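Residue numbers (UniProt numbering): 1 to 291. Each remark here refers to the structure printed beneath this line.
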């Protein structure tokens, strides 16, 4: 018998409309980086799970800076999070588009977690999880199939469903709650809508209209979901983005001030002193002295 090719009927796969997906449509994708590469600041437009299959990197995600993420670890990046990284070793990443509607089993879903776990006890921090053995075996098979060219939509959807079942079987509710904390809420649809749109729609009335709610109802629902008023929460995101720009980029302070809507560099400096306790130059100088 002749050698069986790794993937049969390749032309049939390639001619199928369910196969020809764009990079963004593919639920799973593999990315390879060399030591010393810099992954530029990227706005995560869809919540994703990232598996560090090989290597290590220093990641900056949202307000959490300088997180060393190593081989055998996975992390969750919520929609509209700003992320960048420096690659410390030759690295291979696997990315999975997250879908909150993927059921972990017929008796359990992510929406159940806020009722089962006290979310207030979870540290509001970067909460990676280890890739346990059964999940590692799943990723070995997934990696090989992607390498063979098996990439139809049905394959991707089924593998994401299998991944959800593995989360259910091999990770505790407390671990899952910490991992998915950025998107968990008793009102997950509302939280998802806010996270997906707040960078483009920054007026409360406009966001309320998008949610088909009155401004008063939106405000009450927002406070219940996020624990802050919309204005307070939006300012907190603004402070995080400013701190990232000061610490992680070479932008001038005038450029940062303009990008965040300050009328003058002096007002920007006053804002930083009030919210961050230091002037922009002191923040950047302190980081350079600590290197």
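Even for Gly, the Cβ is constructed at its ideal location relative to N, Cα and C. These numbers come from a predicted model, not from an experiment.
Which partner residues of residue i appear in the DSSP bridge assignment?
i: residue 48; result: 77, 97
i: residue 31; result: 93
i: residue 68; result: 58
i: residue 272; result: Its beta-bridge partners do not exist; DSSP assigns none.
i: residue 105; result: 108
i: residue 38; result: 86
i: residue 43; result: 82
Looking at residue i: is its Cβ nearer than 8 Å to the Cβ of residue j?
i: residue 59; j: residue 71; result: no
i: residue 119; j: residue 177; result: yes
i: residue 31; j: residue 67; result: no
i: residue 274; j: residue 246; result: no
i: residue 279; j: residue 272; result: yes
i: residue 27; j: residue 157; result: yes
i: residue 46; j: residue 97; result: yes
i: residue 243; j: residue 276; result: yes
i: residue 128; j: residue 39; result: no
i: residue 114; j: residue 186; result: yes
i: residue 168; j: residue 108; result: yes
i: residue 99; j: residue 7; result: no
i: residue 105; j: residue 44; result: no
i: residue 171; j: residue 134; result: no
i: residue 29; j: residue 51; result: no
i: residue 223; j: residue 229; result: yes
i: residue 91; j: residue 33; result: yes
i: residue 173; j: residue 116; result: yes
i: residue 219; j: residue 204; result: yes
i: residue 302; j: residue 268; result: No information on residue 302 is available, as it lies outside the stretch 1 to 291 that the chain covers here.
Can you look up residue i in the DSSP assignment and give me helix, strand or coil?
i: residue 140; result: helix
i: residue 83; result: strand
i: residue 283; result: helix
i: residue 130; result: strand
i: residue 192; result: helix
i: residue 277; result: coil
Just checking my contact of residue i with residue j at CB under 8 Å: how many whole Å lie between their CB atoms?
i: residue 190; j: residue 211; result: 7 Å
i: residue 265; j: residue 254; result: 5 Å
i: residue 138; j: residue 166; result: 6 Å
i: residue 93; j: residue 143; result: Not really, about 11 Å apart at Cβ, beyond 8 Å.
Counting contacts by CB-CB distance shorter than 8 Å, is residue i in contact with chain D?
i: residue 93; result: Included in the structure is just one protein chain, with no chain D present.
Subject >> Meets three-Cβ-pair contact criterion under 8 Å: the region 78-92 and the region 151-161 >> reply: no
Subject >> the region 181-196 in contact with the region 75-82 per 3-pair CB rule at 8 Å >> reply: With the cut-off at 8 Å, the region 181-196 and the region 75-82 touch.
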